[in-house]
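Read the structure below first, then the notes.
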Amino acid sequence: MSKPMVIILDAFDECGDPQSRKALVHLLSTQLPQLPNQFRLLVTSRPELDLTNAFGSHPVIKSISLNAAKWASSADVLCYLHHELDGLYQARRRSDELPPGWPGAEKLEKFGSRASDSFIWAATAIRFLDAGDDLDECLDRLLSRQAISLGGLYATALRSASNWDLDHVSTETCRRVLGAVVVGRIPLTDDVIDGMLGLEHSKSCRRILRRLGCLLQWSEGLPIRTLHASFADYLTDARACGDQPWFIDQSKHHTDFTIGCLQVMKRLLRFNTCGLETSYLMNRDVPCLAERIDAHIPPTLRYACLFWHEHLRHGNTSRDVQRSILEFFRASFLHWLEVLSLMGEGRVAWEAMVIVKRHSKVSTLLPESAIQDGSKFVRAFASIISDSAPHVYISALPFAPSTSIIRQHYSSVIKNTLHVDKNAIANWPSCEQVIEGRTGPWTQSPGIELIVFSPDGEHIASGSQDNTICIWDAHTGALVAHPFEGHTEVVNSLAFSLDGERVMSGSDDCTIRIWDATTGKLLVGPLEGHNEGVLSVAFSPNSEQVTSFSRGNTIRIWDARSGKLIAGPLSVGDFAVSATAFSPDGKQVALGSWDGDICICDARSGKLIAEPMERHCAKVKCVAFSLDGSHVVSGGNSRTVHVWDASAGKLVAGPFKGHTDAVRSVAFSLDSELVASGSSDATVCIWDARTGALVAGPLEGHTARVRCVAFSPDGKRVVSGSKDNTIRIWDIRVANVVPGLKGGIRRVHLMVHSADGERIVSIAKDGAVHTWDACTGELVAGPSKTTTGNMQCMAVSPDGECIASRSSYSTIHIWTVRSGKLLTGPLEHTARVTSVAFSPNGKLVASGSSAGIWIWDTRTGELVAGPCQGHSRDVTCLAFSLNGERLASGTDDGTTRIWDASTGKLVAGPFKGHIGAVRSVALSPEGERIASGSQDKTIRIWDVRSGTLVASPLKGHTEAVVSVAFSPDGKYVVSGSRDKTVRIWDAHTGKLVAGPFKDHIGSVHCVAFSTNGERVVSGSADGTIRIFDMPRDSEASPSRKGYTASSQLDNGWMRNSPTELLFWVPPAYRAGLWQPYDTLVLGQPSTRLDLTDFVHGENWAQCHV
1 MSKPMVIILD
11 AFDECGDPQS
21 RKALVHLLST
31 QLPQLPNQFR
41 LLVTSRPELD
51 LTNAFGSHPV
61 IKSISLNAAK
71 WASSADVLCY
81 LHHELDGLYQ
91 ARRRSDELPP
101 GWPGAEKLEK
111 FGSRASDSFI
121 WAATAIRFLD
131 AGDDLDECLD
141 RLLSRQAISL
151 GGLYATALRS
161 ASNWDLDHVS
171 TETCRRVLGA
181 VVVGRIPLTD
191 DVIDGMLGLE
201 HSKSCRRILR
211 RLGCLLQWSE
221 GLPIRTLHAS
231 FADYLTDARA
241 CGDQPWFIDQ
251 SKHHTDFTIG
261 CLQVMKRLLR
271 FNTCGLETSY
281 LMNRDVPCLA
291 ERIDAHIPPT
301 LRYACLFWHE
311 HLRHGNTSRD
321 VQRSILEFFR
331 ASFLHWLEVL
341 SLMGEGRVAW
351 EAMVIVKRHS
361 KVSTLLPESA
371 IQDGSKFVRA
381 FASIISDSAP
391 HVYISALPFA
401 PSTSIIRQHY
411 SSVIKNTLHV
421 DKNAIANWPS
431 CEQVIEGRTG
441 PWTQSPGIEL
451 IVFSPDGEHI
461 ASGSQDNTIC
471 IWDAHTGALV
481 AHPFEGHTEV
491 VNSLAFSLDG
501 ERVMSGSDDC
511 TIRIWDATTG
521 KLLVGPLEGH
531 NEGVLSVAFS
541 PNSEQVTSFS
551 RGNTIRIWDA
561 RSGKLIAGPL
571 SVGDFAVSAT
581 AFSPDGKQVA
591 LGSWDGDICI
601 CDARSGKLIA
611 EPMERHCAKV
621 KCVAFSLDGS
631 HVVSGGNSRT
641 VHVWDASAGK
651 LVAGPFKGHT
661 DAVRSVAFSL
671 DSELVASGSS
681 DATVCIWDAR
691 TGALVAGPLE
701 GHTARVRCVA
711 FSPDGKRVVS
721 GSKDNTIRIW
731 DIRVANVVPG
741 LKGGIRRVHL
751 MVHSADGERI
761 VSIAKDGAVH
771 TWDACTGELV
781 AGPSKTTTGN
791 MQCMAVSPDG
801 ECIASRSSYS
811 TIHIWTVRSG
821 KLLTGPLEHT
831 ARVTSVAFSP
841 NGKLVASGSS
851 AGIWIWDTRT
861 GELVAGPCQG
871 HSRDVTCLAF
881 SLNGERLASG
891 TDDGTTRIWD
901 ASTGKLVAGP
911 FKGHIGAVRS
921 VALSPEGERI
931 ASGSQDKTIR
941 IWDVRSGTLV
951 ASPLKGHTEA
961 VVSVAFSPDG
971 KYVVSGSRDK
981 TVRIWDAHTG
991 KLVAGPFKDH
1001 IGSVHCVAFS
1011 TNGERVVSGS
1021 ADGTIRIFDM
1031 PRDSEASPSR
1041 KGYTASSQLD
1051 NGWMRNSPTE
1061 LLFWVPPAYR
1071 AGLWQPYDTL
1081 VLGQPSTRLD
1091 LTDFVHGENW
1101 AQCHV
C-alpha cells in the first residue's frame, strides 16, 4: 500500500466514560506512532480532560481546537437541511398533503438561520420533524420563535414525546427510562431496562422509546444510545432543565438502578447457574462455556452482576439500598461470585467490596463486620473465583475461617464439603493473598527479586532472576500482561512513572529499558552506556528524565522519551557499593557498602553530600529513602535495621532487632511513620520508624528468604517477594494467625533418624534443635539452641546427642544437644570449612574445605586422618559408609571421591559426569555403590569398584538435588530437591519407583529412610518433616481416605490427575497439610482434612441442600 490511508474516529468522547475508555486512549496515544507512515488517523472529540492529556502534548499528534473558528459554515448546514427536507418531502408529500416545492426558500433559509451553524441542532431538528405527525405543523412550531437553542430544541422534542404535565405515572416512567439511558454504564437494550426498572410488559419502555426516536438511536433488542452526548448533558444539567419534569438527577437514578440490580440478582441468581456437570475442570476447560453463559445468564443478570456496585458508587446509601445489600449478602453473595467466575470477571468482586465497605462506614443498617468479612473472602479466594466456579462452594467456603460470617451463614445450605479436622484457622490471617509464580512458559523462577507498587496501588511490578518483569493486579493476583522479556541478565531495579503507565528496569546486562506497563511493549531502550550492571533507576518527578546508577559507581541521566543521554557518566568515587537507592525526587542517591558504610551523594554531580554515616557492623544489603527524602533506612548482614538523618548523617533510630538472619530489603511507608523489612529468615517485620517498636510481625509464611518489600500507597498493606517464587500481600493491621508457625520449625536444614528408629532430630535455619518421637510425632525435646553456626555447615550425630558446626571461618566445634555444652573444639583448618559429617557410631567427624578433608576424633579432637587432598574446589558434602570405614565426598568441581576413613587415602574416584556442583552424596550399605545429587538436577549412581555408572543419569527433578540416601537394603535411593519434591528410584536400574511427591511447599533439604526401610522421611524449608510409608509399587493406595493413588498438590490445587481439580488449599494450610501418603507431619501443627462427606466431580452439585 503506497497511498495514504485515512482512518476517522468520530465523537471519541462518546466512547464510554474516562475509566471505560482508558485502555483505548492509552493504546491510541502510545501506539499510533508505530503505524506505517501511510496511515493517518483523524479523531474528533469534545475537549474532555483525559483525551486532552493523552493527545494534547504528544510530539507526533497534532491537536486543533475548533472553538475559535466556524468550521461548519451556514452554507454547509443549509445544504444539509435542504437535502434532508427534500427526503422528507418525497416520503410524506401525499400522507401530509404537502404542496409542491415544500417548504419553500423562505422557510428553508429561516430554518438554516435557526440552526446557527450547528450540525447537531440541524440533525436533531430533522429527526424531530420526521417523528412528528404533521411535517408542516412541526416545522412551523420550530420557526415560530425568534431563536431556539439546542437545549430548547431538546425541550421541544421532549414535550412532544409525552404528556408530562397531566399524567404523573407516564411522566415518572418516561423519566426513569431516560435516566436508565443516561446512567447506564454501558448502552442498554429495552429488555434490560425493563428488567432493571421492573416494568411490566404492558408498560414496557418500548412505548416510550418509540416516541423519543428523534433523540435516541434505538431498535428493538439493540442497545440504546443518545444521538449526541449533548442530549445527556442537557438532561442532567440542573441549570438548563432543573425545573423541567424530564430533568435527570443522576444520584437518584443511580440509587434506583442499584436497587434494581440487587433485585434482579435476588430474582435470577441461583446455585450452579450454568448447570456444570463436574467440579474437576477449570472454567477455561468447560466445554462450550460461552454458549452456556448466553443460554443461562440473561443480559439483565449479567449487567446487574457487573455494574451494581458502580451505581452504588454514584448513588445514595438510602435505607432501601442498605436493606437490599444486606439481603444480597445473605442470599446471593456466593451465587454472584459463581457468575463472576464463569464470566471471567473476578476483579469486579474486589471492586464492589471496596465500594460497599466505603458505604458501610456511614450506614446504619449494614454491619461493617459482615462487609469486611465479604471483602476478606473475595481477596483470600481470588484465585478460586478466577479459576473454577464450583470451588467457590466446595473449596472456598469450607476453608474460610471458622469465625467468617459468610461461612457461618452459607454453611446451612452448602453441606457435604470437606472439613478441616485439625488446626482450623479461626480468623482471617494477616496474609491476605498469595500471588504464585505462574506455570507454563512464563513461570517466574527461581523466585521474586524485586517488588514495586504502581502509584495508584492498582498494580504490582515484580522482577525475577530469570531476567523478566511481570505486572500483577494488586487485588486479584492476576497477571496483567505477559512477562516483559529483553534483558539478558538479572533485573536489579524497577520504577513506575508518576502516571503508572510506564515501568523502567535496570539490569546486570548494563542496560536500562522503559516499558509500557499495560502491554509490556518496549517504549525506550535499551539505553546503553554503563560498563557494569545497573543497580538502581529512578524517574524524575515529572517522569521526563530518568537516572541510573551502576556497579561502576557512575550515574547517568537520560531523556525518558527519546533515550538520549543528558548528563554523565558522573563518578561517585572509590566506594565498594553493595546497595543503592535514589531519593523520590531523583536528586540524591544513597549508597551502602560491603564494609558497612552508608553515604549520600548528589545524583546530579556525584559529589558526597554528607560524611559517611556511622558504620553498620556488617555488609549493608539494602537502603531506602523516605518520601520526602529526609531519612534513609538501611539493613544488612547485622540482622538489624537503622534509620538515619539523610542530611546530617546521624542515626535517628535503631538498631531494630528481631530478625534472625540478614535483612535483605527495607522500605518506608508513604507517611514515613513505618518501616518494613524483609529477611533471609523468611519473615517480614513492620517497625515504628521513630521508636523501633515492632508494629507487626514477624510475619511468617514465606518458605525461603524474603528478597523485597514495599508498602501500598495507602500504607495499610505490605507486599513481599521471596525466593520461594511467591508474592504475599499482608494486612499489617491484623495479627499473624497462620496456624502452627509460632513455636514451630523455621526451615528444616538438617535431620537424622536415630539408629533405633525411635527418634528424629532436626536442626532449623535459626539453629533450633528439635527431637521428635518417630512413631507418634510428639516433640520429645526442644527447641534448644546450641550454636549460631552456619546452617549449611552442620551435622547431627546418629544418636541425636551431638552437633558439629562451623563456628567461624575455619574452625568447627562439637556441642551436646540437650545442654548446649561444648564437647570438642575448636578444630582448626587452613581454609573455610564448607561441610561436616558424623560417622555412624558418632566417634568420628569429617570436615571439608577447598584445602582438603579432615577426619577427627569427636571426643579428643585429635586429627585421625588428613588432610585428604585431590579435589580442586570446595568440598560441599560428606557421607560415611554404614560401617564407618569409608568416606564419600562431593565438590563444586562436579566430582565425587571415596576415602579410607582411618588413613585418609583415596580408595576410589574421582567419579566424573556431573556438569554442576555435587550437593549430596551417599554410600550404599554394602559400600559397593555411591550416589550423588547435583546442581545439574540429576542423580548418578556409580559402581565403586569399576567406576562405571550403574544406570543412566536419573532425571526428573527440575532444580538442584540437595539430598540423597540409600535404603537399608540398598535397593532404593531417595532424593530431595529444591524443586520441592521427593522421588524414589531403583538403585540398580535407575527407574523411578515412586513420586514425585509434591507434599512440601518449600525446598526439600534432607531425606532419609527409616532404619527398617519401611518409611521415608523428608525435611523442608517450609518448616515441616514428613514421614510416609515406602510405596512398594506405583499403584500403591494413599494412606488418606478420599484421595486417589495419583493425588498431588500442585500450585495450591489438590489434583486427582493433571486435569482433575479435587480442591484448592489456601496457602496458610499448605505447609502442615496431611497429604495422600503422609503418615506423620512434624514441625508445624498439622492440618488434617476429613473428606468423608466431600462431594466432588460429577457429584459436586449435591453440596447444595
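For the sequence shown, the UniProt record's numbering begins at 1 and goes up steadily by one. Glycine included, every Cβ here is placed at the ideal spot set by N, Cα and C.
#1: Name the two residues that bound the continuous beta strand (DSSP E) containing R1015.
#2: Just mark N316 as buried or exposed, buried being the case when its beta carbon has 16 or more other beta carbons within 10 Å.
#3: Is E368 helix, strand or coil when you go by DSSP?
#4: Below 8 Å, can you find three or more Cβ-Cβ pairs linking the stretch 297-313 to the stretch 399-414?
#5: In terms of residue numbering, what span does the alpha helix (DSSP H) encompassing W336 cover?
#6: With a threshold of 7 Å between beta-carbons, can V452 be considered close to chain D, or not?
#7: May I have a chain-ordered list of the alpha helix (DSSP H) segments no shorter than 4 residues that lie completely inside the stretch 347-410?
#8: Tell me, to the nearest whole angstrom, how far the beta carbon of A1008 is from that of A965; I am working on the premise that it is less than 8 Å.
#9: Answer with buried or exposed for P401, where buried requires no fewer than 16 other C-beta atoms within 10 angstroms of its C-beta.
#10: In three-state DSSP terms, what is V25?
#11: Shortest alpha-carbon distance to residue 1187 belongs to which of Y809, H829, T683?
#12: Could you check where the alpha helix (DSSP H) with E172 kicks off and where it finishes?
#13: How big is the Cα-Cα spacing for L150 and L142?
#14: Would you decide whether Y1043 is buried or exposed? Buried here means 16 or more other CB atoms lie within 10 Å of its CB.
#15: So for I414, helix, strand or coil by DSSP?
#16: Any idea what DSSP makes of S1034, helix, strand or coil?
#17: Which term fits F39, buried or exposed, when burial requires 16 or more other beta carbons within 10 angstroms of its beta carbon?
#18: In the DSSP output, what is W985 paired with across the bridge?
#19: Please determine, among A653, G635, V623, S669, the residue with the shortest C-alpha to C-alpha distance to V663.
#20: In chain order, which beta strand (DSSP E) runs of at least 3 residues are fully inside the stretch 650-702?
#21: Would you tell me roughly how many angstroms separate the C-alpha atoms of W899 and V761, rounded to the nearest one?
#22: For a test of the three-state rule: what should DSSP assign to E106, helix, strand or coil?
#23: The ligand GDP and L312: does the residue's C-beta get closer than 6 Å to at least one heavy atom of that ligand?
#24: Hey, A931 and V973: beta-carbon distance below 7 Å or not?
#25: Excluding the 5 residues flanking T439 on each side, which residues of the same chain have their C-beta closer than 7 Å to its C-beta?
#26: Taking Cβ to Cβ, would you say P1085 is nearer than 7 Å to N423?
#27: Just to check my reading of the structure: G1072 and S279 have Cβ atoms closer than 8 Å, yes? What is that Cβ distance to the nearest angstrom?
#28: If you draw a straight line from the C-alpha of H309 to the C-alpha of P390, how long is it?
#29: Starting from C470, trace the alpha helix (DSSP H) both ways and give me its first and last residue.
#30: Counting Cβ pairs, one atom from each stretch, are 3 or more of them under 8 Å apart for the stretch 454-471 and the stretch 485-505?
#31: Can you look up T156 in the DSSP assignment and give me helix, strand or coil?
#32: Excluding sequence positions up to five away, which residues of its chain have a Cβ less than 7 Å from the Cβ of L306?
#33: Are the CB atoms of V706 and S722 within a distance shorter than 7 Å?
#34: Between which residues of its own chain and D773 is the CB-CB distance below 6 Å, once the five residues before and five after are set aside?
#35: By how many angstroms is the C-alpha of C261 removed from the C-alpha of F668?
#36: Starting from C241, follow the alpha helix (DSSP H) in both directions and report where the run begins and ends.
According to the structure shown:
#1: Here residue 1015 corresponds to residue number 1015 of the sequence shown, with the count starting at 1. Segment 1015-1020, the beta strand (DSSP E) holding R1015.
#2: For the purposes of this step, residue 316 is identified with residue 316 of the sequence shown, where counting begins at 1. With fewer than 16 Cβ atoms within 10 Å of its Cβ, N316 is classed as exposed.
#3: The residue given as residue 368 occupies position 368 in the sequence shown. Three-state result, E368: helix.
#4: no
#5: The residue you call residue 336 lines up with position 336 of the sequence shown. Note, W336: alpha helix (DSSP H), 333-343.
#6: Absent from the structure is chain D; it holds one protein chain and no more.
#7: 368-380, 382-387, 405-410
#8: Stepping through the sequence shown from its first residue, residue 1008 is reached at position 1008. Stepping through the sequence shown from its first residue, residue 965 is reached at position 965. The Cβ separation is near 5 Å, so the contact holds.
#9: Along the sequence shown, one-based indexing puts residue 401 at 401. Label assigned to P401: buried.
#10: Numbered from 1 along the sequence shown, position 25 holds the residue referred to as residue 25. Correct three-state label for V25: helix.
#11: A question about residue 1187 goes unanswered here, because the residues of the chain that appear run from 1 up to 1105.
#12: Start at 1 with the first residue of the sequence shown, and residue 172 comes out as number 172. Counting along the chain, the alpha helix (DSSP H) containing E172 begins and ends at 168-183.
#13: Translated into positions along the sequence shown, residue 150 becomes position 150. Translated into positions along the sequence shown, residue 142 becomes position 142. Roughly 12 Å between the two C-alpha positions.
#14: Counting from one through the sequence shown, the residue named residue 1043 turns up at place 1043. Y1043 is buried by the Cβ-count criterion.
#15: Locating residue 414 in the sequence shown gives position 414, counting from the first residue. DSSP places I414 in strand when its eight states are reduced to three.
#16: Numbered from 1 along the sequence shown, position 1034 holds the residue referred to as residue 1034. With a pLDDT of 48 at S1034, under the threshold of 50, the modelled position of that residue is not reliable, and the figure given next carries that caveat. DSSP places S1034 in coil when its eight states are reduced to three.
#17: Along the sequence shown, read from residue 1 onward, the residue named residue 39 stands at position 39. F39 comes out exposed.
#18: In the sequence shown, residue 985 corresponds to position 985, counting from 1. Bridge partners of W985: V973, L992.
#19: For this step, residue 663 is matched to residue 663 along the sequence shown. Cα-wise, what sits closest to V663 is G635.
#20: 651-657, 663-668, 674-679, 683-688, 694-700
#21: For the purposes of this step, residue 899 is taken as residue 899 along the sequence shown, with counting starting at 1. For the purposes of this step, residue 761 is taken as residue 761 along the sequence shown, with counting starting at 1. About 27 Å.
#22: As a working mapping, residue 106 is identified with position 106 in the sequence shown. Helix at E106.
#23: Looking at this structure, you won't find the ligand GDP or any other ligand, since it has none at all.
#24: Here residue 931 is taken as the residue at index 931 of the sequence shown, counted from 1. Here residue 973 is taken as the residue at index 973 of the sequence shown, counted from 1. Closer than 7 Å, so yes.
#25: For the purposes of this step, residue 439 is taken as residue 439 along the sequence shown, with counting starting at 1. Residue placement at T439 cannot be trusted, given a pLDDT of 44 that sits under 50; what the coordinates show is reported in the next sentence. Counting only Cβ-Cβ distances below 7 Å, and skipping sequence neighbours, we find N1051.
#26: The residue you call residue 1085 lines up with position 1085 of the sequence shown. The residue you call residue 423 lines up with position 423 of the sequence shown. Yes, the pair counts as a contact, with Cβ atoms nearer than the cut-off.
#27: Translated into the one-based positions of the sequence shown, residue 1072 becomes position 1072. Translated into the one-based positions of the sequence shown, residue 279 becomes position 279. Rounded, the Cβ-Cβ distance is 25 Å, inconsistent with contact.
#28: For the purposes of this step, residue 309 is taken as the residue at position 309 of the sequence shown. For the purposes of this step, residue 390 is taken as the residue at position 390 of the sequence shown. Each residue's alpha carbon lies about 24 Å from the other.
#29: Against the sequence shown, residue 470 aligns to sequence position 470. Counting along the chain, C470 falls outside any alpha helix (DSSP H), though it belongs to the beta strand (DSSP E) covering 469-473.
#30: yes
#31: Position 156 of the sequence shown, counted from the first residue, corresponds to residue 156. In this structure, T156 counts as helix in the three-state DSSP scheme.
#32: Here residue 306 corresponds to residue number 306 of the sequence shown, with the count starting at 1. Within the same chain, L306 has close Cβ partners E345, V348.
#33: Here residue 722 corresponds to residue number 722 of the sequence shown, with the count starting at 1. Here residue 706 corresponds to residue number 706 of the sequence shown, with the count starting at 1. The answer is yes: Cβ separation under 7 Å.
#34: As a first step, residue 773 must be located in the sequence shown, where it is residue number 773. V780.
#35: Along the sequence shown, read from residue 1 onward, the residue named residue 668 stands at position 668. Along the sequence shown, read from residue 1 onward, the residue named residue 261 stands at position 261. Rounded to the nearest angstrom, the two C-alpha atoms are 42 Å apart.
#36: By 1-based counting over the sequence shown, the position of residue 241 is 241. Here the alpha helix (DSSP H) through C241 covers 238-241.
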